[in-house]
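Input: a single structure, listed below in structure tokens.
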Amino acid sequence: MVAKRPKPAKLLTNPRLHQYVRDRLEGKVQDADGREISGPRQAPFKGRNKPHRSDRKWVNGWSPEQIENRRQIDFPDDESMRISHEAIYQALYIQGRGALKRELVSCLRSGRALQVPRARAQAKVWAHVSEDVMISSRPAEVEDRTVPGHWEGDLIIGLNRSAIGTLVERSTRFTMLLHLPREKGYGLIPRTKNGPALAGYGAVSMANALKKSVTDLPIELWRSLTWDRGKELSDHARFTIESGVKVFFADPHSPWQRGTNENTNGLLRQYFPKGTDLSRWSAQEIQAVAHVLNTRPRKTLGWKTPAEALNEYLKSVQQSSVATTG
């Protein structure tokens with residue numbers, strides 16, 4: 001068989017369809033009276049992603065899917081105006097198709113210069129999550145909360161990549177906060193892709209901070225830790241070897257699997273609001289906030305405080321140990 005020459009793109013051979021698609025991608029913004037609104041000026045397109053935290057050109061900015069489905073309403077019986085959203089994406093992204101100018105990708109909401117398959121992007125971000133550390137492998141005793149020592153953890157993020165680590169014990173609701181100071185050189189060394197993590201919660205810094213927190217409580221209170229899929233805990237294997245605490249990761253986009261931690265993070269936002277610089281707080285100040293939460297009575301604990309619930313458990317463990325040795 002002789003290979004056939006690929007068919008020319010429909011957007012190349014149909015000027016009316018080409019104009020219809022283009023107007024909805026980069027058409028001028030107009031007010032309710034039809035007056036054009038120029039908006040800000042955008043820097044010239046250089047084949048990269050949209051400007052980072054800079055002005056973008058104001059355009060209609062329809063997505064290819066919106067264009068495809070609206071076309072069915074505008075031209076229900078006109079076969080010449082049929083086009084799929086995949087064909088529009090191909091015209092924008094596939095080199096050699098050339099039906100739409102390359103810079104029109106900046107009109108898309110994402111503004112990405114290249115498409116990255118979702119599965120591939122997630123596989124790279126979640127490379128540290130293997131089958132044996134997924135939440136489905138977590139011991140059954142974690143679910144019923146009867147045995148203390150199983151923790152949930154996360155970060156609360158603030159201005160300029162500042163962060164505080166949060167740990168909550170599932171049974172007693174006892175909270176620990178991790179002070180994550182900037183690494184040496186932060187703000188002095190320009191940020192580079194795959195460069196050193198200086199914001200304070202890189203993988204190594206995070207594992208070290210967690211290991212220190214383990215030593216602050218009796219070993220009986222450290223059985224497991226459930227985290228979200230953030231890369232800050234990609235050094236979890238070393239942490240587990242050095243601390244003995246098994247780490248598990250929640251499923252993607254499933255905050256309810258760490259519901260206790262999510263609820264606590266909401267309480268903490270009273271003291272550490274979004275959009276504020278969390279690096280300005282010292283370890284002492286952060287621990288003062290943790291103390292406030294741990295001495296606040298909770299309905300779910302029968303109006304005991306988390307600190308009281310934790311102390312009761314530790315006393316029962318000690319008494320049991322004495323009775324066994326006696």
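Note that this note's numbering numbers the sequence shown so that position 291 is 291, with each residue one more than the last. The C-beta atom is built at its ideal place from N, Cα and C for all residues, glycine as well.
Buried versus exposed call for residue i [16 or more other C-beta atoms within 10 Å across all chains shown]
{"i": "S320", "result": "exposed"}
{"i": "K246", "result": "buried"}
{"i": "K57", "result": "buried"}
{"i": "W227", "result": "buried"}
{"i": "N261", "result": "buried"}
{"i": "R24", "result": "buried"}
{"i": "P330", "result": "In the structure as shown, the chain starts at 1 and stops at 326, and residue 330 therefore has no counterpart that could be examined."}
{"i": "K10", "result": "buried"}
{"i": "T264", "result": "buried"}
{"i": "A3", "result": "Reliability fails at A3, whose pLDDT of 48 lies under 50, so the model's placement of it is uncertain and no value is given."}
Beta-bridge pairing of residue i - partner residues as DSSP gives them
{"i": "W224", "result": "This sequence places Ser at residue 224; Trp is not what is there. According to DSSP, S224 bridges with H150 and K246."}
{"i": "L167", "result": "G153 and M176"}
{"i": "I37", "result": "V29"}
{"i": "K211", "result": "Partner(s): none; K211 has no beta bridge."}
{"i": "M134", "result": "F249"}
{"i": "K304", "result": "R298"}
Close beta carbons around residue i, own chain, < 7 Å, minus the five adjacent residues each side
{"i": "Q287", "result": "L177"}
{"i": "Q270", "result": "none"}
DSSP-derived helix/strand/coil call for residue i
{"i": "K231", "result": "helix"}
{"i": "K10", "result": "helix"}
{"i": "V59", "result": "strand"}
{"i": "S316", "result": "helix"}
{"i": "P67", "result": "Before going further, note that residue 67 is Ile rather than Pro in the sequence given. Helix, per DSSP."}
{"i": "G327", "result": "Absent from the structure is residue 327, since the part of the chain shown begins at 1 and ends at 326."}
Distance cut-off 6 Å: residue i Cβ against heavy atoms of the ligand ATP
{"i": "S243", "result": "Although the ligand ATP was asked about, the structure shown includes no ligands whatsoever."}
Cutoff 6 Å; reference residue i; Cβ partners in own chain excluding five residues on either side
{"i": "F75", "result": "M81"}
Residues of its chain near residue i, where Cβ-Cβ distance is below 8 Å and the 5 sequence neighbours each way are ignored
{"i": "W256", "result": "E262"}
{"i": "F272", "result": "I156, G158, I164, L278, W281 and V289"}
{"i": "E36", "result": "K28, V29 and Q30"}
{"i": "M134", "result": "F248, F249 and D251"}
Legend entry - Length-filtered (3 minimum) beta strand (DSSP E) runs lying within the region 262 to 299: Taking 3 residues as the shortest admissible run, the region 262 to 299 contains no complete beta strand (DSSP E) segment at all.
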